[in-house]
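Peer 1:
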Amino acid sequence: MNYRHFKDFGAYAKNISELIWNYITHRDLFPHNAKLAIQPDINEVIIENPDECRNCDFYELRNFISITEQGGLIPNEAAIRILANRYYPATM
Numbered sequence: 023m024n025y026r027h028f029k030d031f032g033a034y035a036k037n038i039s040e041l042i043w044n045y046i047t048h049r050d051l052f053p054h055n056a057k058l059a060i061q062p063d064i065n066e067v068i069i070e071n072p073d074e075c076r077n078c079d080f081y082e083l084r085n086f087i088s089i090t091e092q093g094g095l096i097p098n099e100a101a102i103r104i105l106a107n108r109y110y111p112a113t114m
């Protein structure tokens, strides 16, 4: 499996946010029961059917999506940063 090494917390959080944007934009390309999956050993983040990902921590995608005042969907940056901090602690 190919995976990325993130240079810092910001890059890791941005990767998750971009993945959520991709899900919002192309939802029909993902399995209907997809969840946000993180492989803790390598900090790889994917959107996958839970049956297809072993040794992953799973999260409901709806927890990382917000609705704008106009009704549009956007990544919930606060929730993404909290999640990212669990796997890639921010350094102050």
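Just so we're aligned: 61 in my numbering is position 39 of the sequence shown, and the numbers increase by one with no gaps anywhere. Quick reminder that beta carbons are idealized off the backbone N, C-alpha and C, glycines included.
1) If you drop the 5 nearest sequence neighbours on each side, which residues of the same chain put their C-beta closer than 8 Å to that of residue 56?
2) Return the CA-CA distance between residue 29 and residue 36, expressed in angstroms with no decimal places.
3) From residue 42 to residue 101, what does the alpha carbon distance come to, in whole angstroms?
4) Would you kindly work out how many angstroms separate the C-alpha atoms of residue 54 and residue 48, rounded to a whole number?
5) Which one or two residues does DSSP pair with residue 57 in a beta bridge?
Peer 2: In this structure, then:
1) Residue 56 sits at position 34 when you count from the first residue of the sequence shown. Same-chain partners within the cutoff: 45, 69, 70, 71 and 83.
2) Position 7 of the sequence shown, counted from the start, is the residue given in the question as residue 29. Position 14 of the sequence shown, counted from the start, is the residue given in the question as residue 36. Roughly 11 Å separates the two Cα atoms.
3) In the sequence shown, residue 42 corresponds to position 20, counting from 1. In the sequence shown, residue 101 corresponds to position 79, counting from 1. Rounded to the nearest angstrom, the two C-alpha atoms are 11 Å apart.
4) Translated into positions along the sequence shown, residue 54 becomes position 32. Translated into positions along the sequence shown, residue 48 becomes position 26. Residue 48 has its alpha-carbon roughly 12 Å from the corresponding atom of residue 54.
5) For this step, residue 57 is matched to residue 35 along the sequence shown. Partner(s): 70.
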